[in-house]
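In our numbering, the protein residues as written are 273 to 462.
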């Protein structure tokens, strides 16, 4: 079915995007004992935190967890008002006190679509208000030029990784040609 095929594509593409987005994470060296000798091995020194944007980001969450199994997950619950295309919070980010305002942390925000940039901007704004010392990476499958531009103008320090930038947003603020509603397509709620 197209539902199953879409989920599989989101899952498979997410691995590639997450690897590309995190290729620059910092590493440190540590001593490791093998059965035959001591060696120096690389260990990731950045603390990764996953922030999937609900609900469409759920499909990208499992691949992110598989790559970073020890990473905590805090969800960003955002809903787009279909009349205005303005995002509204319905589930706020959890504050994780052990993150020390995000010092040494990299926050990965997986969301399949970066259309207007509204949800991404709101999520980044909230992450920065709770964890001002962390760095942030936006990871999307497909984007509109308008969304990339809006996020980059508001937060130029946020790294944006996308598989493709489509042509434009239509008058309803949907990406053209786009994928349709990524949440509906993943969860069969068309």
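Where is the CB? At the ideal position from N, CA and C, for every residue including glycine.
Note that the coordinates shown come from a computational prediction; the quantities given were computed from them, not determined experimentally.
Tell whether a beta-carbon distance below 7 Å holds between residue i and residue j.
{"i": "residue 320", "j": "residue 311", "result": "no"}
{"i": "residue 278", "j": "residue 457", "result": "yes"}
{"i": "residue 357", "j": "residue 445", "result": "yes"}
{"i": "residue 363", "j": "residue 396", "result": "no"}
{"i": "residue 402", "j": "residue 367", "result": "yes"}
{"i": "residue 348", "j": "residue 365", "result": "yes"}
{"i": "residue 388", "j": "residue 419", "result": "yes"}
{"i": "residue 415", "j": "residue 399", "result": "no"}
{"i": "residue 390", "j": "residue 359", "result": "yes"}
{"i": "residue 455", "j": "residue 328", "result": "yes"}
{"i": "residue 297", "j": "residue 318", "result": "yes"}
Can you have a look at residue i and say buried or exposed, based on whether 16 or more other CB atoms are within 10 angstroms of its CB?
{"i": "residue 378", "result": "buried"}
{"i": "residue 276", "result": "exposed"}
{"i": "residue 409", "result": "buried"}
{"i": "residue 308", "result": "exposed"}
{"i": "residue 443", "result": "exposed"}
{"i": "residue 324", "result": "buried"}
{"i": "residue 331", "result": "buried"}
{"i": "residue 452", "result": "exposed"}
{"i": "residue 294", "result": "buried"}
{"i": "residue 333", "result": "buried"}
On the DSSP bridge assignment, give the partners of residue i in chain order.
{"i": "residue 413", "result": "The partner list for residue 413 (beta bridge, DSSP) is empty, contrary to what the question assumes."}
{"i": "residue 350", "result": "361"}
Would you grab the beta carbon distance between residue i and residue j for me? Rounded to a whole angstrom, and I think it's under 8 Å.
{"i": "residue 463", "j": "residue 382", "result": "Because the chain here runs from 273 to 462, residue 463 falls outside it and cannot be looked at."}
{"i": "residue 282", "j": "residue 384", "result": "6 Å"}
{"i": "residue 287", "j": "residue 344", "result": "Actually they do not touch by this definition, with Cβ atoms about 20 Å apart."}
Comparing the C-beta of residue i with each C-beta of chain C, is any distance below 7 Å?
{"i": "residue 401", "result": "Among the chains in the structure shown there is no chain C, since it carries only a single protein chain."}
Answer yes or no: the CB of residue i versus the heavy atoms of the ligand PLP, is any distance below 6 Å?
{"i": "residue 327", "result": "As far as ligands go, the structure on display features none, and thus does not contain the ligand PLP."}
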